[in-house]
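J.:
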Amino acid sequence: MSEQPKEQTLAEQAPACYECKSCGYVYEPSKGDSKSNIAGGTKFEELPDSWRCPVCGVRRNQFVNIGASGAPSGFAENLNYGFGVNRLTPAQKNILIFGALALGFLFFISLYGLK
Ligand SMILES: [Zn+2]
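Going by UniProt numbering, the residue at position 5 of the sequence shown is 5; the numbering climbs one at a time, nothing skipped.
(1) Reducing DSSP to helix, strand and coil, say where Y18 ends up.
(2) So does Y25 have its beta carbon nearer than 7 Å to some heavy atom of ligand 1?
(3) Touching or not, the stretch 58-67 and the stretch 18-29, by the rule of three or more beta carbon pairs under 8 Å?
(4) Check whether the Cβ of S22 lies closer than 7 Å to any heavy atom of ligand 1, and answer yes or no.
(5) Excluding the 5 residues flanking W51 on each side, which residues of the same chain have their C-beta closer than 8 Å to its C-beta?
(6) In whole angstroms, what is the alpha-carbon distance linking L101 and A14?
(7) Quick one: is the Cβ of V55 within less than 7 Å of any heavy atom of ligand 1?
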């Protein structure tokens, strides 16, 4: 049996997501912000100072760090490591991940209602 090298989960490697305190919009670095021509992979910290919330227009300082909850790795982790084998992913983190995914999904859907 070989020990697995110490490695970070993909979720821990992923840059943090930020949520707009005003409207709940979540900036996901992996997706960027197509409305403002921000390419996917741009960290929140790297956004230009002129960047505003694409939904409600508030400044960057109105965003809070909610961690790398948008990372698409939540499922892969479980598949790769199995439950209970590796304790890198506490239940709280999963709640955060799925909660944010659900929130993001609802929000995304709500955009269609604006037309
Ligand atoms: Zn906003």
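Even for Gly, the Cβ is constructed at its ideal location relative to N, Cα and C.
T.: For this structure:
(1) strand
(2) yes
(3) yes
(4) yes
(5) D33, S36, I38 and R60
(6) 15 Å
(7) yes
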